[in-house]
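Residue numbers (this note's numbering): 1 to 720. Take a look at the structure set out below.
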């Protein structure tokens, strides 16, 4: 029996040292996987940083001092921003920063793959740029086609590639330092940054957009936290990624100090001849991995934005049984692929894409610095002075890069701005329409006094079964209930108003998931259940929701009978009084006896003759998405307890009989329209924008994993 059966099995005591070892080994495995998902983008930056820096305004400054200064800038940028800033974990990513990160998801694959295959032009001089673009597009299509395998499988495939890549660039960098110019070690000193700007002046400031590309991909470090633990990301970056990148940039600078004319393809030109082709193959594979980092981050951000009510409903596929945050979103995957191909074919130049990419990344950094200062003050409860010091320090350095990146808007920098505006409009329109719909429900609730005046029968026929009425309201009776009984004067014997809420915390523990209460006094058999999820929680389709709900209500009934505070409450104050019913409470003091069995064909053996029609329908329409799935079927009986109150026993028997008769899910099928008196802009947003998004996103019943065969939809028009 599982934990839902009511049997509590004590776990054996565990040695603290063994637990520590298990935790460490788990984080080491996740750190290994994070190399294949998080750091691919960051680790492939050496392919294009120097060429993007020195092409353009610095063409006349390709000498040793300028190259040393460029490396010094790269070193300190890489040290200060990713190492010190992002290895503190930022869990809450707000709307504006998220839209720019999604823009990164379009630009990263384009620049990474295109810069990699451009290395062919080093050896194949006759290769046309059009052929390079076609090859890049083929690789990109293959990359996005791999996403349905999930993060876990992709990570285990990709992590060895990134490790080989990091070892390779570390070795090449070390070779170039020793062979070309060991004095490059001196450029670690910030003094060379001063010399760099003294020599290059305004041109050096314009070139900061290229330097900025050395830290692109760091946004994946916080965006991918749903897929890995914070400790695993810290370990991978501090002890593997960071030292390899520093040595590679140092070696490339040493090569350029002796060969400044080869800045266009500095990475590939710095590779010793005998190992060129192996490194080219590894580089191509590594750029594919680099693209994976931001694609994975985009999935996480969109899922979290949806949970916070800021993105339309999309299909979220959970790809791992062990790490809940590892997900795949098919619709977003294919949209990203189309946009990435359009960018690659349209620009055909890593320099132009680099301008766009740099602006997108520095904008994300600038925004998250501000948000981080808010977190320091309001979440961590640190002093305002500390937050201000953090803000001023990072905003000063990032502001310099942002000002330089903004100068590149005409040369490709407009792309992330356009993409972010589009995603921002989608998010804002969805959020605005959703809030307007919620406010309509809030102001059109059914009067509880009217409901109580109808008596326990509600003035309608109460038929056997349980009716689960879904609503966004946490209190009160939604308008769809009165709309339903007005047009069809019959309802189920047991009514449960279900509200699924996404709360602004990452996770809600299973012990705090369910809030149970009454809507009306006991004879009405009307309850309320609030199911709470964090914005990183995954709503699994495991078929246990009905059973958990019945157990929770039964436990609430028994608990309420022994609670004087509930018993003494006036009838008018029932609604809004809720109790947390945890799985541990159910296991320790359940009032029900639970028996269960597994069915391999996905068809429930229903005992009640009233459910034979439902059984035949399920036989005719099997579960096509999960054929042959072993499903757990549960039966409930009231526990034999001589001291149980008669009223409690009767209520529990009614609950069990209703469950045996069948469960129906009632949802509103709403049409949202702007009032006639609304402004033209509001009509445009609601009647066109919001309606278009609702028609083309996943329905609420699908998003909530509601079985279609049990679904009843009530049509309503909302004039907001």
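Note that the Cβ used here is the ideal one computed from N, Cα and C, for glycine as well. Since the model is a prediction, treat every value here as computed from it, not as a measurement.
Problem - C-beta atoms of residue 209 and residue 405 nearer than 8 Å - result: On the chain shown, residue 209 is found 209 positions in, with the first residue counted as 1. On the chain shown, residue 405 is found 405 positions in, with the first residue counted as 1. At a Cβ-Cβ threshold of 8 Å, residue 209 and residue 405 count as neighbours.
Problem - Contact under 8 Å by Cβ, residue 663 with residue 718 - result: By 1-based counting over the chain shown, the position of residue 663 is 663. By 1-based counting over the chain shown, the position of residue 718 is 718. Going by C-beta atoms, residue 663 is not nearer than 8 Å to residue 718.
Handout entry: Anticipated Cβ contact below 8 Å, residue 140 with residue 160, distance rounded
Key = Mapped onto the chain shown, residue 140 falls at position 140. Mapped onto the chain shown, residue 160 falls at position 160. No, residue 140 and residue 160 are not in contact; Cβ-Cβ is about 21 Å, not under 8 Å.
Problem - Burial state of residue 242, where buried means 16 or more other Cβ atoms lie within 10 Å - result: Reading the chain shown from its first residue, position 242 is the one you call residue 242. When all chains shown are included, residue 242 counts as buried.
Problem - residue 311 - DSSP class collapsed to helix/strand/coil - result: Here residue 311 is taken as the residue at index 311 of the chain shown, counted from 1. Three-state result, residue 311: coil.
Exercise for the section: Would you mind giving the Cβ-Cβ distance between residue 305 and residue 145, rounded to the nearest angstrom? I have them listed as a contact below 8 Å. Expected result: Within the chain shown, the letter at position 305 stands for residue 305. Within the chain shown, the letter at position 145 stands for residue 145. Between residue 145 and residue 305 the Cβ distance is about 25 Å, and since that is not below 8 Å, they are no contact.
Handout entry: Start-to-end residues for the alpha helix (DSSP H) that takes in residue 244
Key = To locate residue 244, count along the chain shown from 1; it is residue 244. Here the alpha helix (DSSP H) through residue 244 covers 242–258.
Practice task
Would you mind working out which of 461, 529, 467 and 453 sits nearest residue 473, comparing C-alpha positions?
Solution key: Counting from one through the chain shown, the residue named residue 473 turns up at place 473. Residue 529 is the option with its Cα nearest to residue 473.
Practice task
With DSSP collapsed to three states, give me the class of residue 55.
Solution key: To locate residue 55, count along the chain shown from 1; it is residue 55. If DSSP states are grouped into helix, strand and coil, residue 55 belongs with coil.
Exercise for the section: From the DSSP output, in three-state form, read off residue 602 for me. Expected result: For the purposes of this step, residue 602 is taken as the residue at position 602 of the chain shown. Residue placement at residue 602 is flagged as unreliable, the pLDDT there being 42, under the threshold of 50; the coordinate-derived value follows with that caveat. If DSSP states are grouped into helix, strand and coil, residue 602 belongs with coil.
Problem - Three-way DSSP call (helix, strand, coil) for residue 453 in this model - result: If you number the chain shown from 1, residue 453 lands on position 453. Residue 453 falls in the helix class under three-state DSSP.
Exercise for the section: Between the Cα of residue 367 and those of 100, 270, 232 and 299, spot the shortest distance and give me the residue it belongs to. Expected result: Position 367 of the chain shown, counted from the start, is the residue given in the question as residue 367. It is 100 whose Cα lies nearest to the Cα of residue 367.
Handout entry: Beta-carbon proximity list for residue 170, same chain, < 8 Å, skipping 5 on both sides
Key = Position 170 of the chain shown, counting from 1, holds the residue named residue 170. Result list for residue 170: 243, 244, 247 and 248, in chain order.
Practice task
Would you identify the three-state DSSP class for residue 472, choosing helix, strand or coil?
Solution key: Indexing the chain shown from 1 puts residue 472 at position 472. DSSP places residue 472 in coil when its eight states are reduced to three.
Handout entry: Outcome for residue 745 when other beta-carbon atoms lying within 10 angstroms are tallied against a minimum of 16
Key = Any property of residue 745 remains undetermined from this structure, which presents the chain solely from 1 to 720.
Problem - When 272, 317, 279 and 120 are compared against residue 704, the one with the closest alpha-carbon - result: Here residue 704 refers to the residue found at position 704 when the chain shown is read from its first residue. Minimum Cα-Cα distance from residue 704 among the listed residues 272, 317, 279 and 120 corresponds to 317.
Exercise for the section: Could you check the C-alpha separation between residue 132 and residue 31 for me, to the nearest Å? Expected result: Within the chain shown, numbered from 1, the residue matching residue 132 stands at position 132. Within the chain shown, numbered from 1, the residue matching residue 31 stands at position 31. Approximately 34 Å between the Cα atoms of the pair.
Exercise for the section: Let me know the secondary structure DSSP gives residue 272 once reduced to three states. Expected result: If you number the chain shown from 1, residue 272 lands on position 272. If DSSP states are grouped into helix, strand and coil, residue 272 belongs with coil.
Practice task
Check residue 651 in the structure and name its three-state DSSP category.
Solution key: Sequence index remark: in the chain shown, residue 651 carries index 651 (1-based). Three-state result, residue 651: helix.
Exercise for the section: Could you tell me whether the segment 105–121 touches the segment 264–283, using the rule of 3 or more Cβ pairs below 8 Å? Expected result: Yes: at least three Cβ pairs fall under 8 Å.
Practice task
Compute the Euclidean distance between the alpha carbons of residue 338 and residue 51, then round it to the nearest angstrom.
Solution key: Locating residue 338 in the chain shown gives position 338, where the first residue counts as 1. Locating residue 51 in the chain shown gives position 51, where the first residue counts as 1. Rounded to the nearest angstrom, the two C-alpha atoms are 27 Å apart.
Exercise for the section: Indicate whether the contact test is met: 3 or more Cβ pairs, each with one atom in the segment 515–534 and one in the segment 489–497, closer than 8 Å. Expected result: These segments touch.
Exercise for the section: Take every Cβ of the segment 405–416, pair it with every Cβ of the segment 443–458, and state whether three or more of those distances are shorter than 8 Å. Expected result: These segments do not touch.
Problem - Identity of the residue in 467, 695 and 645 nearest residue 711 by Cα - result: Within the chain shown, residue 711 is the residue found at index 711, counting from 1. When each option's Cα is compared against that of residue 711, the closest is 467.
Exercise for the section: Let me know the alpha helix (DSSP H) ranges lying completely inside the segment 176–221, each 4 residues or longer, listed in chain order. Expected result: The segment 176–221 contains these whole alpha helix (DSSP H) runs: 191–200, 202–206 and 208–212.
Practice task
Whole angstroms is fine: what's the gap from residue 349's alpha carbon to residue 126's?
Solution key: Reading the chain shown from its first residue, position 349 is the one you call residue 349. Reading the chain shown from its first residue, position 126 is the one you call residue 126. In a straight line, the C-alpha of residue 349 is about 17 Å away from that of residue 126.
Exercise for the section: Take residue 347 and list the residues in its own chain whose beta-carbon comes closer than 7 Å to its own, dropping the five residues that flank it on each side. Expected result: In the chain shown, the residue the question calls residue 347 occupies position 347. Apart from sequence neighbours up to five positions away, the residues of its chain that approach residue 347 with a beta-carbon distance below 7 Å are 353 and 412, ordered along the chain.
Problem - Nearest-angstrom Cβ-Cβ length linking residue 580 and residue 512, presumed shorter than 8 Å - result: Along the chain shown, one-based indexing puts residue 580 at 580. Along the chain shown, one-based indexing puts residue 512 at 512. Indeed they touch by this definition, with Cβ atoms about 6 Å apart.
Practice task
May I ask you to report which of helix, strand or coil DSSP gives residue 438?
Solution key: Translated into the one-based positions of the chain shown, residue 438 becomes position 438. Looking at residue 438 - three-state DSSP - the assignment turns out to be helix.
Exercise for the section: Report yes or no: do the segment 325–336 and the segment 41–49 share at least 3 C-beta pairs separated by less than 8 Å? Expected result: Contact between the segment 325–336 and the segment 41–49 is absent: fewer than three C-beta pairs spanning the two stretches fall below 8 Å.
Exercise for the section: Could you tell me whether the segment 166–185 touches the segment 250–261, using the rule of 3 or more Cβ pairs below 8 Å? Expected result: Touching, yes.
Handout entry: Where residue 578 falls: helix, strand or coil (DSSP)
Key = Here residue 578 is taken as the residue at index 578 of the chain shown, counted from 1. When secondary structure is reduced to three states using DSSP, residue 578 falls in the strand class.
Handout entry: Contacts around residue 517, its chain only, beta-carbon distance under 6 Å, and the 5 residues preceding and following it disregarded
Key = Reading the chain shown from its first residue, position 517 is the one you call residue 517. Cβ within range, chain order: 528, 577 and 578.
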